[in-house]
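Chemist: In this note's numbering, the protein residues as written are 1011 to 1161.
By construction, the Cβ of each residue, glycine as well, lies at the ideal position given by its N, Cα and C atoms.
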């Protein structure tokens, strides 16, 4: 009878070589399971922590057919109880869109840097030089009497 341990050992060919190691199968699997769990937990925490309200307005402050600038967002209500939010960063030259006005029967947002004008109901360009529409937020929520832009 030989005296062998109950768990097999993975041993390097040379017991004295630099950078060599010995590891049991159980230790290897335990380490792999811990690394997998840590990666999954990190991804879950990042997904949960990513949402935050970046702009908030009272529904009553956004008129039907109108818009209002709140922080870095243009919150619009093109139709009753339909809210949209666009970034105030002009797609043309990254200026800040800082004006809301009425023009030819529509509510528009204006970038003073080069005069680009955008329709606040759609984000589309009304007058250039911008060729691209305003960036639309993918998450606008109505919570009670408030409209929130979530990032």
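May I have the straight-line CA-CA distance separating residue 1137 from residue 1154, to the nearest angstrom?
Modeler: Near 36 angstroms, if we compare the C-alpha coordinates of residue 1154 and residue 1137.
Chemist: Determine, using beta-carbon pairs with one atom in the stretch 1112 to 1127 and one in the stretch 1094 to 1102, whether at least three such pairs fall under 8 angstroms.
Modeler: Yes, the stretch 1112 to 1127 is in contact with the stretch 1094 to 1102.
Chemist: For the beta strand (DSSP E) that residue 1150 lies in, which residues bound it at each end?
Modeler: Its beta strand (DSSP E) spans residues 1150 to 1153.
Chemist: Could you tell me the distance, in whole angstroms, from the CA atom of residue 1159 to the CA atom of residue 1043?
Modeler: Their Cα atoms are separated by approximately 38 angstroms.
Chemist: Alpha carbon to alpha carbon, what distance is there between residue 1032 and residue 1041?
Modeler: Going by the C-alpha atoms only, they are around 14 angstroms apart.
Chemist: Under the rule that 16 or more other beta-carbon atoms within 10 Å means buried, what is residue 1091, buried or exposed?
Modeler: So residue 1091 counts as exposed.
Chemist: From the DSSP secondary-structure annotation, give me the bridge partner or partners of residue 1146.
Modeler: In the DSSP output, where bridge partners are listed per residue, residue 1146 has 1096.
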